[in-house]
Structures are given as C-alpha cells and as structure tokens.
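Everything below concerns the one structure shown next.
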Amino acid sequence: MSAAQLAAFQELIRSLRDLKFSGYTCGAGMVVLLYDFILTMPEEIKYVWASKQRLSMVRAMYFWNRYFIPPWIIVANFNLSGLRGPLTNQLYVCKVFVPSLAIVQGVSIAIGIQLLALRVLALYKNNKIVRLGLYTYLAACHITLLIITALTMKNFVREYSFLMYLPITNSCYTIPDPLIRYVYIPPIAAECGIMILQVANHIYRRRQRTFLHTPLISTLYRDGYLWFGCVISVRLLCLFMYQFGPVSLWQIANQADFSLSTALISRFFLQLRGAIDSDDEDMTLAPRISARSNSQHVQIHSTVRVDNGRIDSPLPLQELRRFKPTRI
1 MSAAQLAAFQ ELIRSLRDLK FSGYTCGAGM VVLLYDFILT MPEEIKYVWA SKQRLSMVRA
61 MYFWNRYFIP PWIIVANFNL SGLRGPLTNQ LYVCKVFVPS LAIVQGVSIA IGIQLLALRV
121 LALYKNNKIV RLGLYTYLAA CHITLLIITA LTMKNFVREY SFLMYLPITN SCYTIPDPLI
181 RYVYIPPIAA ECGIMILQVA NHIYRRRQRT FLHTPLISTL YRDGYLWFGC VISVRLLCLF
241 MYQFGPVSLW QIANQADFSL STALISRFFL QLRGAIDSDD EDMTLAPRIS ARSNSQHVQI
301 HSTVRVDNGR IDSPLPLQEL RRFKPTRI
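In UniProt numbering, the protein residues as written are 1 to 328.
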C-alpha cells in the first residue's frame, strides 16, 4: 500500500469514528430546537397567530426560520443517523441533499442577521444615516457570503467525484471545497458591526442619562448581548474548526450553530413582541394633566418601573413609541 493510499485509508477510518460524535452533536441541537419550539408555542399563538397584523417582510422571515428550517435540521440528523431505507440510499439523494442544505443554512444565517439588525435600528429610532450605513455594510457582507457560496456550489456541482454514498455508514460523504472554511467570516463581521452599534448606543444613553428601564429597551439590549455571546462563540468555533481541525469534525460545530441560531431567532422575535405589548400597557399608566392647564410647555411623560419605585422618564410618551421596530 502506497503512502497516499495509506493516508486516504486513515482519513476514512477517522471519518467513520468522528461520524458518531457529529451525530450526537447534531441530535442534541435538534432536541434543543424542538423543545424550544414547544415551549414558545403559547407566545407564538398570542403574538403572531392571534394578531390582526398583515404579513410583512419581518413576519415572513420569522415564518421561514420557524417552520422551514427545522425540517432541514431533521433531515441533517437523518443523514448522520445511518437509518436510511431503500428509497434514500442512493447517490442522487446525496446530490440533492448536500447542496440544498448548504443553501438553506446560508439563507438562514442572512435572515438571522437581518432580524438582529432591526433591533439596533429600533435603538437608534430608525435613524436614516444609521439605517443607510448599516444596510450598506450588511449588503457587503451578504454579497461576500453569496459569492463564496456560489463558488463553492459551482465547484461542487462540477466535481461530483467529491461526493459519494457510503453503504457502510448509510450516509453521504463529501470532500468539502477549500473555500468553505471562509463561509463564516462574513456573518461574524456583520454581527460584530451590529454589536458595535449596540454598545455605542448603550454607552451614549448612559452618558446622556436617557437610558430607559422599560421592558422593550431591556429586551433589545439583553437579547442582542445574548445573541452575540452565544452565536458568535459557536461560529468562531466553526471557523477555527474549519481552519485547524480535521474535516471529519466540521459537522460538530456547524450543526450546533444551525440549531442554536434558529431557536434563538424565533425566541427573540417572540420576546420582542411581548415586550412591545408590555410597554403599551405601561404607557397607559402615564399621569394625566389637568384640563384646566393651558400651558404650552407641559409634556406628558411615561411612568417607568425601577427597583426603588416609579420615576418619570425624561422622554415624552411619543418619543418612547419610536423605539418600536415597524411592522413586527
């Protein structure tokens, strides 16, 4: 046996060994996703299905993430489980499944970033300059991701010899394109840019003493930091695994990111809807000005809960309403 054949055989043995660990990680992510789906169903019925709002782009992105992505994660588990029947143990199934899953995951990443960007725009009250700059930056990141994905798919379709069906494991086996190691760089760059805007807004409001402890504002900041801490750490793991780890372990980080980001996007959307409704209730507690007062300098202020009691916020009621993302 030559040195090249020996290296290929050793790589195959290691891939078969690591396939079990990848299956465990993918299965754990799927369980978390489905469990969170069940837990958040009452909030979805209350804030989405019972709402009389028309279908908007934001709600369409939510439905894509909520109902279109989980079946693909289940299919990914099916591929790693080795439980294939006579209808799916063919090479043509792999030719459809592998590129389709890559495209769906890429679209899911872009949708998650766009929904996260809406939170930052809400903090800046949809400022035109911030909106234009942020969307330009995100467009550059999305175009870069699209180019990398297109080149990867082009090489993949042209060289189907890199894809095979292994009867011994009942799973699809492929040698990834070298460009795939860069696929997580644009999403990480986009989310870092969004987080910089959020931190800058947080610091500015602290210094200007205009920080409001309302459910809506607290939810916007909290979920933004939680998303950055959880998802970015997993995507950095994916990037390092792609760069320095063995090819057979790429699925461990990749599938964990797919399931975690999908669950968090849906949960954060529903939490934001709940915070908006909670703020609407708090606004009804604003003190009423006597009708006898004819002063033109009187402004109605919303009452905000704090730990020490209740204080009047420095912003008028109509300013607080501008924090809401439009048509969520």
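Here a beta-carbon is modelled for each residue, glycine too, at the ideal position from N, C-alpha and C.
At the level of alpha carbons, what is the spacing between Val107 and Ser81? 25 Å
Own chain, CB closer than 8 Å to Met61, minus 5 neighbours either side, in chain order: Ile111, Gln114, Leu115, listed in sequence order.
Suppose the cutoff is 7 Å on Cβ atoms and the five residues either side in sequence are ignored; what does the same chain contact list for Ser259 look like? Correct list, in chain order: Gly29, Met30, Val32, Leu33, Ile73.
Enclosing beta strand (DSSP E) for Tyr173 [first to last residue]: 171-174
For Tyr165, the first and last residue of its enclosing beta strand (DSSP E): 163-166
Does Val234 come out as helix, strand or coil in the three-state DSSP assignment? In this structure, DSSP gives Val234 a helical state, which the three-state scheme calls helix.
Tell me the rounded alpha-carbon separation between Leu101 and Ala140. Straight-line spacing of the CA atoms in Leu101 and Ala140 works out to 23 Å.
Assess, as a yes-or-no matter, whether the segment 238-257 is touched by the segment 11-26 under the definition of 3 or more beta carbon pairs within less than 8 Å. For the pair of segments examined, the segment 11-26 was found to touch the segment 238-257: the number of CB pairs separated by less than 8 Å reaches three.
Count Cβ pairs between the segment 48-63 and the segment 205-223 that sit closer than 8 Å; are there 3 or more? no
Closest Cα partner of Leu236 within the set Asp257, Phe9, Arg207: Comparing alpha carbon positions, the residue from Asp257, Phe9, Arg207 closest to Leu236 is Asp257.
What did DSSP end up calling Asn127 once you bin it into helix, strand or coil? coil
By the three-class DSSP mapping on this structure, what secondary structure does Lys46 have? DSSP, reduced to helix, strand and coil, places Lys46 within a helical segment of the structure shown.
What are the complete alpha helix (DSSP H) segments, minimum 4 residues, inside the UniProt domain "DUF6533" (24-70)? 41-44, 57-63
Local Cβ density within 10 Å of Pro178, reported as buried at 16 or more and exposed below that: Pro178 counts as exposed, since fewer than 16 other C-beta atoms from the protein chains shown sit within 10 angstroms of its C-beta.
Taking its Cβ as the centre, do 16 or more other Cβ atoms sit within 10 Å of Gly229, making it buried, or is it exposed? exposed
Count Cβ pairs between the segment 175-191 and the segment 141-151 that sit closer than 8 Å; are there 3 or more? yes
Please give me, in chain order, every unbroken run of the alpha helix (DSSP H) with length at least 4 that falls completely inside the segment 179-232. 185-208
What do you reckon, are the CB atoms on Asn77 and Gly27 nearer than 7 Å? Yes, they are a contact pair.
DSSP three-state label for Ser2, please. coil
For Ile175, count neighbouring Cβ atoms within 10 angstroms of its own Cβ and tell me buried if that reaches 16, exposed if not. exposed
Between Cys238, Arg205, Lys154, Arg119, which lies nearest to Met195 when the distance is taken from Cα to Cα? Arg119
Rounded to whole angstroms, what is the Cα-Cα separation between Leu134 and Leu55? So the alpha carbons of these two residues sit roughly 24 Å apart.
From the DSSP output, in three-state form, read off Pro99 for me. helix
To the nearest angstrom, report how far apart residue 372 and Gln255 are at their CA atoms. Here the chain comprises residues numbered 1 to 328, so residue 372 is not present and cannot be evaluated.
Alpha carbon to alpha carbon, how far is Ser2 from Pro70? 44 Å
Rank Leu166, Thr25, Leu123 by C-alpha distance to the C-alpha of residue 329 and give the top, closest one. A question about residue 329 goes unanswered here, because the residues of the chain that appear run from 1 up to 328.
Residues near Gln243 by beta carbon distance below 8 Å, same chain, minus five either side: Arg181
Please report the Cβ distance between Met153 and Leu91, rounded to the nearest whole angstrom; I am assuming they are in contact, meaning their Cβ atoms lie under 8 Å. Between Leu91 and Met153 the Cβ distance is about 18 Å, and since that is not below 8 Å, they are no contact.
Straight-line Cα distance separating Leu270 from Phe68: Cα to Cα, the separation comes out at about 17 Å.
Cα separation between Ser295 and Gly274? Any reading at Ser295 is ruled out, since the residue's pLDDT is 46, under 50, leaving its predicted position unreliable.
With 16 as the cutoff for other CB atoms within 10 Å, does Cys238 come out buried or exposed? Buried: at least 16 other Cβ atoms inside 10 Å.
Applying the 10 Å Cβ sphere with the 16-neighbour rule, what's the burial state of Ser171? buried
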